[in-house]
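To start, the structure under review is shown below, and the notes come after it.
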Amino acid sequence: MIRVQDFLLHLLAIIAAGSCLDAFVLRSTTCSKSHIAAAAVQVQSSSTVQDVLDFESSELAPNAISSIKWSSSGQTVSPNSYRLGLDPKLTESLLEYCNDTGITKVFWSLLVNNNPLDPDTYTTIASQCDATSWFVQRPETKWSSNAHWISPKDEAAHDEYLKVLSKGGFDKTLEVIGKRFDFNGLVAYHLSFIGVSHCTHGYLHHDFTEVEGKGFNLIIPLMLAKNTAPELDISELQQLNNNKDAQKTTTADDDVVVGRYKYTMDEANMVGDYVGHATSACDYLEAGDMRIAATVYIADVNAGNAERLVKYFTQNYPPKK
Numbered sequence: 000m001i002r003v004q005d006f007l008l009h010l011l012a013i014i015a016a017g018s019c020l021d022a023f024v025l026r027s028t029t030c031s032k033s034h035i036a037a038a039a040v041q042v043q044s045s046s047t048v049q050d051v052l053d054f055e056s057s058e059l060a061p062n063a064i065s066s067i068k069w070s071s072s073g074q075t076v077s078p079n080s081y082r083l084g085l086d087p088k089l090t091e092s093l094l095e096y097c098n099d100t101g102i103t104k105v106f107w108s109l110l111v112n113n114n115p116l117d118p119d120t121y122t123t124i125a126s127q128c129d130a131t132s133w134f135v136q137r138p139e140t141k142w143s144s145n146a147h148w149i150s151p152k153d154e155a156a157h158d159e160y161l162k163v164l165s166k167g168g169f170d171k172t173l174e175v176i177g178k179r180f181d182f183n184g185l186v187a188y189h190l191s192f193i194g195v196s197h198c199t200h201g202y203l204h205h206d207f208t209e210v211e212g213k214g215f216n217l218i219i220p221l222m223l224a225k226n227t228a229p230e231l232d233i234s235e236l237q238q239l240n241n242n243k244d245a246q247k248t249t250t251a252d253d254d255v256v257v258g259r260y261k262y263t264m265d266e267a268n269m270v271g272d273y274v275g276h277a278t279s280a281c282d283y284l285e286a287g288d289m290r291i292a293a294t295v296y297i298a299d300v301n302a303g304n305a306e307r308l309v310k311y312f313t314q315n316y317p318p319k320k
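Residues in the sequence shown are numbered from 0 upward in steps of one, following numbering that gives the first Met the number 0.
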């Protein structure tokens, strides 16, 4: 049995020995089944969503990277939050695979046809187009939504996901990210599809902390509900106030300033170290609609951050223990 930390350090050793920026195509060792509980770290419990604090938006060319900034001030929201332009064929490849495997159909059943899993439970499904199996989970009630995550159950499904990324030109995307941030190597190691149709209140959390700025969750919209409000809440590390020169770090007693981010097709949101985010409140049920995104965690793994990267691993493959 291989643990996630051993898996990441194994990839690190291979990266050091050869080509680094295409390392996401590397194969891993088969692991036994193990359920992984959600491990996101919650940001301060007190938060205020202010609709007026929107974000700047402009069309991005494929593989262009831009910081996420407040439209009101032009200031960067967080040092590790970015927008990433995507080649349309990446979105097409991922959505086509969801359709072919039956994953999209499963999301329709879970989220629109009123057949959700109970919170904090999981099941497995078989692909309709290949021999892969997939792990379906619904997080705990604290997430206040009917979101479900579908991720590779084992090595075979993990490898197929990587092949779909490669088919969509993700090799070039990794190369661009690696060069932009001066990374030594990159691996795509935490892969899933996420669907949601209802959320009463977003659970503000971090996907990474203290990983030296070397990890990102790439949220890639594949299907968006029609005529809806922004879908993602994003918070900053520092409290906004009227004096732009006197910003202070937030504490547990402060309100966290949150803005709403509107997803754009063929554009990924890059969520890195200490970027607080949550699913925005939404209700697509009356319209019989939902949204689906691919989430691809990438990291420049080293001995210093491998343990921290493992802390936020939420999937079945490979297991933590």
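The beta carbon of each residue, even a glycine, is placed where N, CA and C say it ideally should be. In this text, all values refer to a predicted model and were calculated from it rather than measured experimentally.
Problem set entry | Whether Ile102 touches Ile149 by CB criterion (8 Å) | For the purposes of this step, residue 102 is taken as the residue at position 103 of the sequence shown. For the purposes of this step, residue 149 is taken as the residue at position 150 of the sequence shown. The answer is yes: Cβ separation under 8 Å.
Exercise. Hey, Asn216 and Tyr273: beta-carbon distance below 8 Å or not?
Worked result: Your numbering for residue 216 matches position 217 in the sequence shown. Your numbering for residue 273 matches position 274 in the sequence shown. No, the pair does not count as a contact, with Cβ atoms beyond the cut-off.
For this session: Please look up how many angstroms separate the CB atoms of Ile291 and Cys97, rounded, as I've assumed it's under 8 Å.
Result: Residue numbering aside, residue 291 sits at position 292 when the sequence shown is read from its first letter. Residue numbering aside, residue 97 sits at position 98 when the sequence shown is read from its first letter. Yes, they are in contact, since the Cβ atoms of Ile291 and Cys97 sit about 7 Å apart, within 8 Å.
Exercise. Among residues of its own chain, excluding the 5 on either side of Glu159, which ones have a beta-carbon nearer than 7 Å to its beta-carbon?
Worked result: Reading the sequence shown from its first residue, position 160 is the one you call residue 159. Closer than 7 Å at the Cβ level, and outside the excluded window around Glu159, lie Asp129, Thr131.
Exercise. Got a sec? Which residues, its chain only, sit under 6 Å from Arg307 by beta carbon, not counting five neighbours each side?
Worked result: Numbered from 1 along the sequence shown, position 308 holds the residue referred to as residue 307. These residues qualify, in order along the chain: Glu209, Val210.
For this session: Work out the CA separation of Ser126 and Glu95 for me, nearest whole Å.
Result: Residue numbering aside, residue 95 sits at position 96 when the sequence shown is read from its first letter. Residue numbering aside, residue 126 sits at position 127 when the sequence shown is read from its first letter. C-alpha separation (whole angstroms): 13 Å.
Exercise. Going by C-alpha distance, which of Ala298, Asp99, Gly287, Gly275 is nearest Val163?
Worked result: Residue mapping note: residue 163 aligns to position 164 of the sequence shown, counting from 1. Closest by alpha carbon: Asp99.
Exercise. Count the other CB atoms within 10 Å of the CB of Ala286; is the residue buried (16 or more) or exposed (fewer)?
Worked result: For the purposes of this step, residue 286 is taken as residue 287 along the sequence shown, with counting starting at 1. Classification of Ala286: exposed, given that the 10 Å Cβ count is below 16.
For this session: Select from Ser191, Leu185, Asp86, Trp142 the residue whose C-alpha is nearest the C-alpha of Asp153.
Result: Counting from 1 along the sequence shown, the entry for residue 153 is found at position 154. Minimum Cα distance to Asp153 is reached at Ser191.
Exercise. Does DSSP put Phe207 in a helix, a strand or coil?
Worked result: What you label residue 207 is simply residue 208 of the sequence shown in a count that begins at 1. Here Phe207 sits in coil by DSSP.
For this session: Measure the CB-CB distance between Tyr202 and Pro229 and report whether it falls below 8 Å.
Result: What you label residue 202 is simply residue 203 of the sequence shown in a count that begins at 1. What you label residue 229 is simply residue 230 of the sequence shown in a count that begins at 1. No, Cβ-Cβ distance for Tyr202 and Pro229 is not below 8 Å.
Exercise. Just how far apart, CA to CA, sit Lys88 and Ala146?
Worked result: Within the sequence shown, numbered from 1, the residue matching residue 88 stands at position 89. Within the sequence shown, numbered from 1, the residue matching residue 146 stands at position 147. Cα-Cα distance, rounded: 26 Å.
For this session: Using a threshold of 8 Å, state whether the C-beta atoms of Leu110 and Gly194 are closer than that.
Result: Taking the first residue of the sequence shown as 1, we reach residue 110 at position 111. Taking the first residue of the sequence shown as 1, we reach residue 194 at position 195. Yes, Cβ-Cβ distance for Leu110 and Gly194 is below 8 Å.
For this session: Let me know the secondary structure DSSP gives Tyr260 once reduced to three states.
Result: Translated into positions along the sequence shown, residue 260 becomes position 261. If DSSP states are grouped into helix, strand and coil, Tyr260 belongs with the strands.
Problem set entry | Ala305 - DSSP class collapsed to helix/strand/coil | Position 306 of the sequence shown holds residue 305. Helix.
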